[in-house]
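Residue numbers (my numbering), protein chains in the order written: chain V, 1 to 806; chain H, 1001 to 1168; chain R, 2001 to 2291. The C-beta atom is built at its ideal place from N, Cα and C for all residues, glycine as well. Keep in mind it's a predicted model, so treat the numbers as computed, not measured. Structure record follows, encoded as structure tokens.
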Amino acid sequence: MTDTTTGTGTITHSTRYVGADLPRKEDPALVRGSVVYVDDVQLPGMLHAAVLRSPHAHARIVSIDTSEARALPGVHAVLTGEEALDHIGPLARFCAEEVVEHAIAVGKVRYHGEAVVAVAAESRYVAEDALAKVRVEYEPLPVVTDVVSATAEGAPLVHENLESNVVYHHEFAFGDVEGDFAGAAHIVRRELRWPRATAAPMETNGAVVKYDPATGRMDVWSNTNLLNFGAWVMSATLRVAPHMLNFHPMAVGGSFGSKHFLAKQVAIAGALAKATGCPVKFMEDRADNLLASDAQGPERQHVAELALDADGTFRSLRIRLLDDYGAYFMLAIAGNTNPLSQIVGPYRIRSVSYDVSAVLTNKNQQGVFRGAGADVTNWVLERLVDAAADELGFDPIDLRRRNLIQPDQFPYKIPTGNSYDSGNYPAVLARALELADIDHWRAEQERAREQGRYIGIGIATAQQRSTYYASEFWFHNVGAPAPFTTTAESVRLRIGPTGGVTATLFTPSWGNSQETVTAQLIAAELGVDPAGIAVDLAPTMHGLPSAGPGGSRMTVMLSGAITGAARKLREKIFQIAAHRLEASVDDLELRDGVVSVRGTDSQMTLADIGMQAYWQSVNLPPGMESGLEATFTYDPPFFSLPNDERTDLGNFYPIVGHGCHVVVVEVDPETGQIDFLRYVAVHDHGTVVNPRSLEGQIRGGIAQGIGIALYEQVAYDSVGQNLAGSLDEYVLPGAPDVPRVEIAFVETPSPWTAHGVKGGGEGGRMIAPPAVTRAVEDALLPFGARFDALPIRREDVVELCAGESA
Amino acid sequence: MEAQDSGALELVELRVNGVGRRVGVEPRRLLVDVLREDLGLTGTNVGCSQGVCGSCTVLVDGATVRSCLMLAVQAHGRDVVTVEGLADGAAMHPVQQAFLDAQAQQCGFCTPGFLATAVELVERDTQPSETEIREALAGNVCRCTGYEHIVDAVIRAAEAQAETREAG
Amino acid sequence: MKPPAFAYRRAGSVAEAVAALSEAPGRARLLAGGQTLVQELAARTTTVDTLVDIDTLPGLDHVVIEPTVVRVGALCRIATLERHAELADALPALVDSAARVAHPAIRNRGTIGGNVAHADPASGIPPVLLALDGEVVLVGPAGERTVPATEFFTGYRQTAAASDEIITEVRFARTGPRSGSAFAEISRRARGWGLAGACTAVRLDGSGAIEHLRIGLLALAPTARRAEAAERAGIGRRPEAATAAELAELAVADLEEIPSDRTASATLRRSLGRVSVRRALTLSFARALGG
């Protein structure tokens, strides 16, 4: 138990709830199948939409004949992009550049799968029948399918109003990079390529939109994260005033960032709802999702260099990269500013140069995918560290250990200006090595080599920043048009007349256990049983500020919001109790749902207090409002603005977690089969609220990290055809492909958050790829293996080993 | 039997979760759509419509079937069990309970499909090894959990099933 | 992804099914388990005027094990084969192959007739048919005919079956004492489509040397095929590791039409094919030696 004296009574935080593996409140509805996802929503008179997609990667739309489609019985509306402009505007974007995107293409198509026509009909079956009757005439245009062809002299322009396909370029420089490189004893250089991937959650993106022209009100049921802040983002697109837009938070079948700025599907359903006067559901099928969901991840080519002293001390880091953004630029370079929060990893690197060129090509655009670009830089940095160990003869573990930021250096300001709040990286590394029994595996590796078998060991030590702040979306533009600084989260807490507790959240639920965490945190504040707490989600018309899940923020934000609301409730609880018990507030304590006068038998339960608050106004302190409810809107702590020159980006992501993964694999050179022999992950996400739940997120993230290391790639061919239009082609790891992961937590609480929590939702995916890459590489070092690109496919292994032995 | 014109409705009579149902459906309607829309059983989810992800898995005559790969007309005369039919009122099916105890779900979208596959596995096989369990689950894709808690759940469920068999 | 409209009829007998196919040649198709056809209809990569449903047609789901042949009804489900104890003794390669078809739910519905008729080069049953000197029994308007497996798989997803014929039975030869057969396959992720695979069948003579050898290949050509050169080279050899390795090398050496695409390169398939043949031969030898 920890005691905190606040001057308004003593509260005893019950740590039996924070850190407990409580069963999840969400689960019974999930195993019964009673939870409501978007596709489960049925409204009277609802129509179903389907979308005709461009077969070409780049083409002018010459003509569209929808007459036959319109005539089909059961079809209510058919909209081309031009026709949709009667109902909706262009999609919102966070970039300052004039990269205009419409939910349904206008004038030309810029990627294979871009929407060309949308239909609303009485069923999805009929809607697809109608699509088959649409005739589109295209004039194919030359295609650019990679950063090289897109940046070549005379390359065809993806957006003709821009001068070049390089839509943005900037070198972010912090510290004396030139000097640090000039004075270095060694420079390690690698050209590293990260593949295009997509989140591919099991539930696709979708929306049901109902528009009432009589009142001007639009209701949206969508698995988008664009709820409260989204009302003003979507308002111009939907042409509905923000206060008339009501988004209903949904249970969501996974997102991993891909539903964060889901707007296109809402816009399509909205346009059709306006055109037909009926509610319209547009649910992506899997092909829609893989081709066109605006959620692909970064696709980067880097030239990366690490400068070291003779003794292996890291001095400086220089990265120059081209990022293939696809055909649009809705988030600008958020995926490249995000990593600047932790670009030096857990190491005492003193200067950094990050030179980023964002290139437009004829592909579906990037969104944010778990890690938001910092997964990529973790991999780049750890590849350089392993390269330094190989080239310079250092042990990869010693090299890391000697460069780690030390526990007495926190809060630690990195060269970019962001801070790391707390950590103990040497302890995490030590624990991981101990659990993994490194010496045993090194011996096994030698024994195996004697038998002609190949075992490899990979280690990664890397960061997982959490709780994103707003400035990363705009600080890349000095004089940014929309320099917002708020990413708040709200909670409403109510204690009823019989002491029952209800919490209202204003965020969709991504499967990230936020109901459970909410209940545990409330229990910790008020001492009530979390199983008895009701948690509800409110639509935006009744809503308070919320930015929803993403950037591993929910635990921190809910912690802060709940603590704030609970503090207000406790003030009122103590005032009522003091009045009723004729005691001073300073003599009261709240423990396990009971308020008592310290050292006496005099007490009131929360039920007693609730009854007074709602039904006995005459017993309340004079002037007190009836009821027992409090709301709190929590802004992330410790934010600071960037300077004008952008040589100091301010504190924009200072709640930073950390982890170490140790991976052991065996690789079969003849088949390319990679088997995991051991996987250990030690993570530090500050105070852990629900260990089993966080472990689940880490294991799921590791599965995605294995996915990108070995299986996943969105590939476009030379004429821009997306070759991954089904889950047969975009291969996700299955149960036999993912190992058991032993997880341990080291907890260095954040000094800046309620309960010292940090976010941990992204860490598994952010740390696994370099560890897995190195493990496979280590196994195949006898064949001269060096993996500078992902995924490592079977053919890469087989061809490497065949070449070497030939 | 004469061929029906395309668009004409076929009468399908089947048992769903123990209740006799009759629906008139176009022959082209997928079983998953008829379950979800015509019969209101939205617990079964559509993940890919391509037969790859397993989210739509239900039990037909006691065997797992991808309901996105079965025409509803092919369920005529058959016994279908969806996730809604697993629990017995307030009492969870032992496999559901095992999933709860192991915290085997996060977003839950794939869960009904996994439950059907797990029910078939534990009812058929008394002592599946972890490798056998993972192979049996290989046709159900989960993007959230990394599978470990699901495997834990199936191990628990198989043990519970073995105990029940021994006792009975 | 929803199917387009089609006319639908359920056939109660083979004769009815044949009549329905004959009425609309090329525009009527059989629907059994539907694990391939329903997906193609939903994706609208295939259209059909009339679907003739034979899924519940009686009398075609037998497994009959005779001294020199195993006869399997076309509507026998893959899952039935997978769990058939007698068949596991008589023809282990067929059971091994059945167990590797996709996933349990696919095996519950998919039929052996459907698998053979679809003839995807990565399907598991055609190489078994080839390795076990199989035959396909067809019934059409002109009556019944039997086609040897070696003449049945004619090209990429092409077979010798006419559009008005229905497969009623597939047959596998049993090669007598001192025989062994096995199936091996390697996929990109567990139980996905095979990237390469093989079915081998061997019989030893009285002195323990190979007197009969068949090697059927999966996903190493536009359709299932045999590795004839390796088969010939195996005659008279001893059933041991060196033989398996050499014959495996030979089996993939002269393949000129190995599919090479984003799923797998020809180099990879060749290597996986070599390993599959070696593994299948190794297990076949063990079984023939009485293991």
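| Query | Result |
| --- | --- |
| Trp-379/V lies in the alpha helix (DSSP H); which residues open and close that run? | 374 to 392 |
| Any idea if His-2062/R is buried or exposed, counting beta-carbon neighbours within 10 angstroms, 16 or more meaning buried? | exposed |
| Would you list, in sequence order, the uninterrupted alpha helix (DSSP H) runs of no fewer than 4 residues that lie entirely inside the segment 265 to 307 of chain V? | 286 to 292 |
| What is the C-beta distance between Ala-630/V and Leu-620/V, in whole angstroms, given that I count them as a contact (C-beta under 8 Å)? | Actually they do not touch by this definition, with Cβ atoms about 16 Å apart. |
| Excluding the five sequence neighbours on either side, which residues of its own chain have a C-beta within less than 7 Å of the C-beta of Leu-22/V, listed in chain order? | Thr-516, Gln-520, Pro-530 and Asn-690 |
| Work out the CA separation of Asn-364/V and Phe-475/V for me, nearest whole Å. | 25 Å |
| At 8 Å on the CB atoms, spell out the chain R contacts of Glu-1018/H, in chain order. | The displayed chain sequence assigns Gly, not Glu, to residue 1018/H. Near Gly-1018/H there are no residues of chain R at all, since even the closest Cβ is about 21 Å away, more than 8 Å. |
| What does Ala-200/V reach in chain H if we use C-beta pairs closer than 7 Å? | Arg-1143 |
| Closer than 8 Å between beta carbons: that is the criterion. Which residues of the segment 2236 to 2251 of chain R meet it against chain V? | none |
| Within the 7 Å Cβ cut-off, does Val-1083/H reach chain V? | yes |
| Does DSSP put Asp-309/V in a helix, in a strand, or in coil? | coil |
| Thinking C-beta only, is His-661/V closer than 7 Å to Ala-779/V? | no |
| Determine the direct distance from the alpha carbon of Val-303/V to that of Arg-190/V, and round the result to whole angstroms. | 6 Å |
| Using three-state DSSP, classify Gly-81/V as helix, strand or coil. | helix |
| Can you check the segment 502 to 543 of chain V for any alpha helix (DSSP H) of at least 4 residues that lies completely inside it and give the ranges in chain order? | 514 to 526 |
| Helix, strand or coil for Met-1070/H? Go by DSSP, reduced to three states. | coil |
| Using 10 angstroms around the beta-carbon of Asn-161/V, count the other beta-carbons present and answer buried if the total reaches 16, otherwise exposed. | exposed |
| Where Glu-97/V and Val-167/V are concerned, what is the direct C-alpha to C-alpha distance, given to the nearest angstrom? | 7 Å |
| Identify which residue in Gly-2124/R, Thr-2223/R, Ala-2242/R and Leu-2250/R has its Cα closest to the Cα of Glu-2231/R. | Leu-2250/R |
| Can you tell me whether Ala-2017/R is buried or exposed, with buried defined as 16 or more other CB within 10 angstroms of its CB? | buried |
| Over what stretch of residues does the beta strand (DSSP E) that includes Leu-677/V continue unbroken? | 674 to 684 |
| If you measure between the beta carbons of Leu-404/V and Pro-346/V, is that distance less than 7 Å? | yes |
| Counting only C-beta atoms, is Gln-1004/H closer than 7 Å to chain R at any point? | Summary for Gln-1004/H: the model assigns pLDDT 46, below 50, so the residue's position carries little reliability, and this model does not support an answer. |
| Would you verify that the beta carbon of Val-35/V is, or is not, closer than 7 Å to some beta carbon of chain H? | yes |
| Which residues, taken in chain order from the segment 47 to 79 of chain V, show a beta carbon closer than 9 Å to some beta carbon of chain R? | Ala-50 |
| Would you kindly work out how many angstroms separate the C-alpha atoms of Val-134/V and Glu-128/V, rounded to a whole number? | 10 Å |
| Taking DSSP as the reference, what is the three-state secondary structure of Asn-246/V? | strand |
| So within the segment 115 to 176 of chain V, which uninterrupted alpha helix (DSSP H) runs reach at least 4 residues, ignoring any that extend past its ends? | 124 to 131 and 147 to 150 |
| Since Tyr-1147/H sits in a beta bridge, which residues does DSSP pair it with? | In the DSSP output, where bridge partners are listed per residue, Tyr-1147/H has none listed. |
| Where does the unbroken beta strand (DSSP E) through Gly-659/V begin, and where does it stop? | 655 to 667 |
| Tell me whether the beta-carbon of Ile-2186/R lies closer than 7 Å to the beta-carbon of Leu-2220/R. | no |
| Could you list which residues in chain R have their beta carbon closer than 8 Å to that of Glu-203/V, in chain order? | What Glu-203/V touches in chain R: nothing, since even the nearest Cβ is about 16 Å away. |
| Would you kindly work out how many angstroms separate the C-alpha atoms of Ile-61/V and Val-2014/R, rounded to a whole number? | 51 Å |
| Quick check: the segment 642 to 660 of chain V against the segment 748 to 764 of chain V, are there 3 or more CB pairs under 8 Å? | yes |
| CA-CA distance, Ala-771/V and Ile-706/V? | 9 Å |
| By Cβ distance, which residues of its chain are closer than 6 Å to Gly-2033/R, with the 5 residues on each side in sequence left out? | Arg-2109, Gly-2110, Thr-2111 and Gly-2114 |
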